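What follows is a single structure, written as structure tokens, with notes after it.
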Amino acid sequence: MKELFSSLVGSHNYNLNDENSDEDRKIFILPSFSDLYYNKTVSKSSTSPDREVKDIRLLINLLKKSNPGYLEVLFSTDLVVQDVAEDLVSFLLKHREEIVRANPNNLIGAILGVINQKRANLYKLTPTSNRVDSDKSYNSKNLHHIVRLCYLVEKYNFHDNFEQALWNDGEQRDYLLSVKNGVIPLCDVERVADEHIRRVEKKFKDNHFNSSDLSIFESIDNIIFDLIKRSVSEERK
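Residue numbers for the sequence shown follow our numbering, beginning at 33 and rising by one.
What follows is the structure, given as structure tokens:
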């Protein structure tokens with residue numbers, strides 16, 4: 033397994049990290065000749081610490097789908113880049129806002145999908161994400177993600193600066209951290225979540241896009257192709 037680059041993901045990229053925050057990373061690797069011959073693609077995850085390893089060939093589709101969890105990789109506050117991947121990462125960073133804007137409808141669907149997933153899991157508890165209210169509990173971490181993603185949509189507005197929209201400071205940061213730490217009483221949890229979701233759904237409804245420009249991904253694909261070609265040539269020497 034030859035690592036190309038790894039990206040810190042999660043709360044650090046939103047300015048919402050605290051003393052309890054983990055340092056989760058997404059790691060992209062080069063396929064070997066054997067992987068290519070047997071048509072294998074590595075995609076695996078581990079916890080404690082949280083690590084997600086992906087074959088670099090998967091990157092194009094991950095970005096095309098506009099999942100905010102992978103777009104975030106392009107805006108990480110901590111990228112570790114191997115020499116062999118410098119050209120690729122430099123191109124990705126230079127064109128990251130263009131990549132985000134490439135398919136607005138995919139972006140809308142992906143963000144709303146994550147929001148709805150968090151909404152469905154408001155009462156799914158883990159050892160680090162629950163808020164106890166009397167004898168009942170809710171997942172304050174998922175509630176804070178709902179609010180955070182709704183803020184992201186409102187700040188980004190489908191054409192502004194995604195990097196700035198990801199970042200939270202001032203009163204907004206204070207509120208999100210308080211939500212994360214369980215300040216919302218159990219009786220108000222669904223109301224808070226649904227008020228934010230309704231605002232975002234209205235914005236989505238008012239901003240349907242009929243076009244997309246995926247040409248940037250052809251350039252990325254060419255860079256990845258050359259990167260893999262060189263790597264396999266060296267491996268077979």
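Using N, Cα and C, we set each Cβ at its ideal position, and we do this for glycine too.
Quick caveat: nothing in here was measured; it's all calculated off a predicted structure.
Here the C-alpha atom of residue 103 lies approximately 8 Å from the C-alpha atom of residue 131. The three-state secondary structure of residue 55, taken from DSSP, is coil.
Secondary structure at residue 85: strand, using DSSP grouped into helix, strand and coil. Every alpha helix (DSSP H) of 4 residues or more that sits fully in the stretch 121-166 is shown, in chain order, as 128-133 and 136-152. In the three-state scheme derived from DSSP, where H, G and I count as helix and E and B as strand, residue 48 is classed as coil.
Residue state for residue 62 is assigned as strand, using DSSP reduced to three classes. One thing to note: residue 43 has its Cβ no nearer than 8 Å to the Cβ of residue 58.
Judged by DSSP in its simplified three-state form, residue 189 adopts coil rather than helix or strand. Residue nearest to residue 63 within the set 87, 119 and 128 is 87 (criterion: CA-CA distance). Each of 255, 72, 232 and 211 was checked against the Cα of residue 122, and the nearest Cα belongs to 255.
The beta carbon of residue 37 sits closer than 7 Å to those of 60, 111, 112, 113, 114, 117 and 121, all from its chain and outside the five residues before and after it, given in chain order. Secondary structure note for residue 236: its alpha helix (DSSP H) is the uninterrupted segment 221-238. DSSP places residue 74 outside both helix and strand once states are collapsed to three, so it counts as coil.
Inclusion of residue 200 and residue 183 in the CB contact set at 8 Å is warranted, their separation being smaller than that value. By DSSP's assignment, residue 34 forms a beta bridge with 62. The beta carbons of residue 178 and residue 156 sit about 13 Å from each other, so the pair does not count as a contact at 8 Å. DSSP places residue 112 in the uninterrupted beta strand (DSSP E) bounded by 111-113.
Beta-carbon to beta-carbon, residue 209 and residue 48 are separated by about 6 Å, close enough to satisfy the 8 Å threshold. Classified as buried, residue 134 has 16 or more neighbouring CB atoms from the shown chains inside 10 Å of its CB.
Counted as a single uninterrupted DSSP element, the alpha helix (DSSP H) harbouring residue 263 occupies residues 247-267. Looking at the DSSP output, residue 39 bridges to 58 and 111.
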